[in-house]
Structure formats: structure tokens, C-alpha cells
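>
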Amino acid sequence: MSLKQLVLKYKKKTAILILLIIAAAGADIYAGYTLAWYYDIVTASDIQGAVRFSVYMILIRVFSVIMAYFADRYEAGVRECFNNEMKGKLIYSLAHMEYQRYEEKEPGEYASWLTNDIHQIEDKCFSSFFLICEAVSTVLFSIVALFYMHPLILATCIISTVILYFVPKFFEKSITESTLNISEINEKFSQKIHDTLSGFQSFVSAHRREQFIQQNNRISIALEKEKKILLRRSAKMGMYSVAIFRILEGVTCCLTAVLAFLKIVGIGAVFSVANISNRFLNGINSIFSNLVILKSSGKIFEKFPQNMPEDNRTTCPEIKNSIEVRNLQIKYDNHIVLDHQNYCFEIGKKYAIIGESGVGKSSMIKAMIGINDNYTGEILFDGISKEAYNKDSIFQQIAYISQDAYIFNDTIRFNLTLGDSGYTDVQLKDVLNMVNLGEFLTEKGGLDAMLGDNGKNISGGQKQRLAIARSLLQKKRIFVVDEGTSALDIKNVAIIERLLLETEEYTTILITHNMKENTQKYYDQVIHLKGGE
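Per this note's numbering, the very first residue in the sequence shown carries number 13; after that it's consecutive.
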């Protein structure tokens, strides 16, 4: 996504806005041009003519103000379209990003993209683009007006343009650098704030409130410092531009005065030229300054994922026979976690994978279901390579339940359906009862009760049971439970295990590092993993 793509996407709206800007700029320059006529009428003591012309000039200015108002009003709508399109594309790209690539950054960084970076693009990029449109219109109308007054006046203004062009160039690199620095620090700031606020309890229980303050203040100060640097650099560029602008404006007015003394132009032209040259040079200065800002803020677009490729592979048919692992090897940083493993998980059977922490239990399962692609070897669904199939179609069949199941700051209903409105209340209550959350539902006050940020108002066991209920609701038949019952008490562990192990059509693969002997009899196979195997 880029500004050019946004403009082309909404070319009709952008064209209407530019026409309104042109109308406002044209009326404004024409009003300045008529000052020469007005002065000549006044000096000729033509009272009636002066009155009529005064009314005419007022009407022109009123028209200019009305056009400017409609342009500003319409610009708000165009900005809304640009922002919605940009956010929508970014969210779409994130949603279709490979899981491993998504995990390369923290959620706080993505949140910063959708808030701070989008705001910075709107504040700098969009604003600069619209200001450039206005400035270009003003400059073009000024060129026509100055040419009709005298070509020499126009030539002087054009020479001034060349001089003004080089002023912002000296600051382009430093302003771009500061803009990108602010974007990067904003990411770190969002991530740090989220991290420290989420760990507030740890700071309090350790009697470290002062460290909580310091952690948040440190990066906040760094962010504001970089903003100050950008403002100072922009102010310095503005100071040089304005100083040179005023000198050139004075030169143009002096030239017009000389032409008036020589009777080449009327005395009234001095007033018109002062007005129009001011707008011309202001417009030129605005174009060059905003081009620098536009270019620097446009760099932020490059941070966002571009043109995420669609997964056009074949839809995975229903897995009816087996999921097979052949010669699976997984390693991280040249450390072998799993080495040439071979397993076959038959559909309808129950499996337990046990072993100490870090031996590769989760890594193997994540590779099997498509979350982790960092492996060598083969994973086959009914004898066909997993790589032949679209990942989403695999996720539609396999439920993955981890020990850190995420609960959204939303209702119980949303946490079950994830926004899918195709379920009835009866269906939702049924799955809650299946995981022994019927009483919990009553206590909370129904399906539309809020659960708080990451389920802060409920226990870890209730979170895990909600995650299991979510998978049951989707009517999946293959369940991969990665320590997904670790937070449950004995009673609820028994309920969940009975549900997953005694239902014949379910294929269950349960990962644990601590299995009780009395439950092993429910599994068709218990796989013992050791580090480096």
C-alpha cells in the first residue's frame, strides 16, 4: 500500500477534492489580481465604480471562502477513506501472514503500526499531499496572473523558485531520519507499555513501584526527545525558507515599483504583485517543504508487509486415515531438537506425547499442523504431503489448544464464536456444559457477560476450558492439546480427558511432561520423547 495506490483507488473522490481546491485557489488569486483595477478606480475618484467593484471583490472573496470550506469538508471524507483502506489492507496483510513471520515481532509493534504509524502517515503524508495540491493550484494561477502583469515580474518569481528549491534539500536527510526514528521508538514504546502494564502485579508484589515508573518513563522520554529533534529540524528548515522567501518577495515588489515608475505597469500593479507574489512564493515554499515531509513520511509505508501472497494450494480434504511424520528433524540455532523422528497418528485413536520441557514435543506438533515450517523431513496427510495443501484448510480440521489460551476483552459469546454469528445460544450453552462451564455461565450473567483483558476476571482453568469449548463448537475432529489442561484441577481434568478420550470420532494428541499412570490406559500409544532424539 502507498499514497499513489490510495489516490488511484479513490481517484474520483480525489479528483473532486482537487477541483474544489483549484476553485478556491483560483478565486483567491483572482481576488488579488483585481486589486490593481480597484486601486486604479479609486485613484481616478470614480466613487460609483469603486462601490460596484467593492461588491464584486467581496463576492469573489466569499466564493473563495465557500470553496475552501467545501474543500476542507470533503477532504475529511477523503482522509476517512484513505485511513480505512490503509488500516484494512494492513489488517488483511497481518491476518494472511505466515504464523512464523508474524511471531518475529511482538504484538505491541503491530499495534504501533495500526495506531502511531497510521496517525503519523495521516498527519504528515496525507496533509502534505493535500497542501501540495493547494500550493500547486495557487502557483499555477499566480503564474498566469503575474505573466499578464509583466513577463519580467514572472521571470523574477521563477528565479526565486529555483533558489527556494534548494533550501529544503539540505534538511531532507535529517528529517527523514527523525521521522523513521520516531516510528521505531513508537513501536518500542507500545511494546514496553504493554509489557510493563501487563506485569503490574509482579512489580507491586516485589515492592518495585518505582521501577515500574522508571521502565515506562525511560522510553517515553526517548520518544519525546526524538520528537523534539524533528520539530527543531523542521523549524530550522522553516526559518531559512521564510528568511529567503521574504528577501525574494521584497525584490519582486521593488522590481514592480520600478516598472510602475517607468509607466510600464499601473501603480495598482504594485499592490497586486505584492499580494500575488506572496502567494506564489508561499506556494513554492509549501511545495518544496511538503515534498520533503511527504517523502520522509512515505518511508513508513515500506515498514508494512506488502502484497501478501495468497495460498492458492489445494484445499485439504477430510483426513480419514492418518497423519504421518517421516524423518522429521527440527533444530534451532544449530541445536538439534528432534532428529529424524518417524510416527504415524491414525485417525480415531488417542495419543500422548510425554517428555521433559524442551525436548521438542510442541515443536513437532506445531510442524504437523502448519504453525512451524522450520523443519526437514515429511509430514503426510493420508499419504499426501502437507505442503500440497492450503494451510487454512488444515486449520479447519485440526484444533490446537495450548496452555496459554488467549481470552479476548469481550463477551463469553465472542470468545466462543470469534465473531461468527452462525451459532445459536443453545449450541453455545451446550459446549459450555460439555466442559463443565454451565455454572460459570450462570455466575457471569449469560453469554454477553464481559471477560476482561485476556480473561483477567477468570481462572487459568476456566480459560483453558473456554478454549476447548471454542474448538468443540467448530466441530473439529482432531484435537491437539499442548499442555492445554495444565491449569485444571483433578475434577475438570477428568471431565476434559473423558470427553476427548471416550468420544470415538475424536483423534486426540495430548502433550504433557507429567502423565499419571492411571490415565495411560486410555491411550492407544504413549510416545516418550527425549532431547535430541
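Built from N, CA and C at the ideal position, the CB exists for glycine as well.
Just so you know, these numbers come straight off a predicted model, no measurement behind them.
1) Just to confirm my understanding: we take Gly-44, look at its own chain, exclude 5 residues before and 5 after, and list those with CB closer than 8 Å. What are they?
2) To which residues of the same chain is Ile-72 closer than 8 Å at the C-beta, ignoring the five residues directly before and after it?
3) Who are the Cβ neighbours of Arg-477 in its own chain at under 6 Å, not counting the five residues just before and after it?
4) For Leu-392, name the three-state secondary structure that DSSP assigns.
5) Hey, quick one: how far does the beta strand (DSSP E) through Glu-336 stretch, first residue to last?
6) By Cβ distance below 6 Å, which residues in the same chain neighbour Ala-147 in space, the five residues on each side in sequence not counted?
7) Apply the 10 Å Cβ neighbour rule to Ser-76 and answer buried if 16 or more other Cβ atoms are within range, or exposed otherwise.
8) In the DSSP assignment, what are the bridge partners of Met-462?
9) Among Ser-369, Ile-406, Lys-362, Ala-417, which one has its Cα closest to the Cα of Tyr-534?
10) Leaving out five residues on either side along the sequence, give the residues of the same chain with a beta carbon under 6 Å from the beta carbon of Phe-313.
11) The beta strand (DSSP E) that contains Tyr-412, what's its start and end?
12) Where do the ends of the alpha helix (DSSP H) carrying Glu-455 lie?
13) Below 6 Å CB to CB, which residues in the same chain sit around Gly-382 once its five sequence neighbours on both sides are set aside?
14) Which residue from Ser-433, Leu-102, Leu-513 puts its Cα closest to that of Leu-485?
15) Pull up the distance between the alpha-carbon of Ile-410 and that of Leu-453, whole angstroms please.
16) How many whole angstroms separate the CB atoms of Lys-21 and Glu-97, which I take to be in contact at a CB cut-off of 8 Å?
17) Out of Ala-234, Glu-358, Thr-150, state which residue places its alpha-carbon closest to the alpha-carbon of Gly-36.
18) Once you ignore the five residues that flank Tyr-111 on each side, which residues in its own chain have a CB closer than 7 Å to its CB?
19) Consult DSSP for Val-277 and reduce its assignment to one of helix, strand or coil.
20) Take Ile-335 as the anchor and find which of Ser-253, Leu-392, Ala-247 has the nearest alpha-carbon.
21) According to the Cβ coordinates, are Ser-375 and Ser-140 closer than 9 Å?
22) Please report how far the alpha carbon of Ala-269 lies from the alpha carbon of Lys-275, in whole angstroms.
23) From Met-380 to Ser-471, what does the alpha carbon distance come to, in whole angstroms?
24) Count the CB pairs spanning the stretch 245–254 and the stretch 158–170 that are closer than 8 Å, and state whether there are at least three.
25) Use the C-beta contact count for Ser-57: other C-beta atoms within 10 angstroms, 16 or more gives buried, fewer gives exposed.
26) So is Arg-64 buried or exposed if we call it buried at 16+ other beta carbons inside 10 Å?
27) What first and last residue would you give for the beta strand (DSSP E) that runs through Ala-364?
28) Report, in whole angstroms, the separation of the C-beta atoms of Ile-523 and Lys-343, which I expect to be a contact under 8 Å.
29) What residue range does the alpha helix (DSSP H) around Cys-356 cover?
30) Tell me whether Ile-331 is buried or exposed, calling it buried when 16 or more other Cβ atoms sit within 10 Å of its Cβ.
31) Enumerate in chain order the residues of its own chain whose CB-to-CB distance from Asp-345 is below 8 Å, with the five nearest sequence positions on each side excluded.
32) Starting from Ile-480, trace the alpha helix (DSSP H) in both directions and tell me its first and last residue.
33) In terms of DSSP beta bridges, what is Gln-537 paired with?
34) Alpha carbon to alpha carbon, what distance is there between Thr-327 and Phe-426?
35) What would DSSP say about Asp-494, mapped onto helix, strand or coil?
36) What distance in whole Å lies between the Cβ atoms of Val-443 and Ala-400, which are believed to be in contact at a cut-off of 8 Å?
In this structure, then:
1) Within the same chain, Gly-44 has close Cβ partners Ala-157, Ser-284, Asn-287, Ile-288, Arg-291.
2) Cβ neighbours of Ile-72 beyond the five flanking positions: Ala-39, Tyr-42, Ala-43, Thr-46.
3) Result list for Arg-477: Val-447, Leu-449, in chain order.
4) Correct three-state label for Leu-392: strand.
5) Per DSSP, Glu-336 belongs to the beta strand (DSSP E) from 334–344.
6) So the list reads Gly-295, Ser-298, Ile-299, once near-sequence residues are dropped.
7) Buried, because 16 or more other Cβ atoms sit within 10 Å of the Cβ of Ser-76.
8) Residue pairing for Met-462: DSSP places it in a beta bridge opposite Thr-423.
9) Closest option to Tyr-534, Cα to Cα, is Lys-362.
10) Excluding residues within five positions, the ones whose Cβ falls inside 6 Å are Ser-14.
11) Per DSSP, Tyr-412 belongs to the beta strand (DSSP E) from 410–414.
12) DSSP places Glu-455 in the uninterrupted alpha helix (DSSP H) bounded by 450–456.
13) Answer for Gly-382: Lys-403, Ile-406, listed in chain order.
14) Considering only alpha carbons, the answer is Ser-433.
15) C-alpha separation (whole angstroms): 26 Å.
16) About 6 Å separates the two Cβ atoms, so the contact holds.
17) First, the residue type needs correcting, since residue 36 is Ala and not Gly in the sequence shown. Checking every option, the nearest Cα to that of Ala-36 belongs to Thr-150.
18) Within the same chain, Tyr-111 has close Cβ partners Ile-383.
19) Three-state DSSP puts Val-277 in coil, outside helix and strand.
20) If we check each option's Cα against that of Ile-335, Leu-392 comes out closest.
21) No. Outside cutoff.
22) Cα atoms of Ala-269 and Lys-275: separation of roughly 10 Å, rounded to the nearest angstrom.
23) Their Cα atoms are separated by approximately 30 Å.
24) They do not touch, by the three-pair rule.
25) Burial check for Ser-57: the Cβ neighbour count within 10 Å stays below 16, so the residue is exposed.
26) Burial call: exposed.
27) Residues 362–366.
28) Actually they are not in contact, since the Cβ atoms of Ile-523 and Lys-343 sit about 19 Å apart, beyond 8 Å.
29) Not the alpha helix (DSSP H): Cys-356 falls in the beta strand (DSSP E), residues 347–358.
30) Within 10 angstroms of the beta-carbon of Ile-331 lie 16 or more other beta-carbons, which makes it buried.
31) For Asp-345, where only same-chain residues beyond five positions count, there are no Cβ hits under 8 Å.
32) From DSSP, the alpha helix (DSSP H) with Ile-480 extends over 472–485.
33) Note: Gln-537 sits in a beta bridge opposite Tyr-363.
34) Going by C-alpha positions, Phe-426 is about 27 Å away from Thr-327.
35) For Asp-494, the three-state secondary structure derived from DSSP is strand.
36) Not confirmed; about 32 Å, so no contact.
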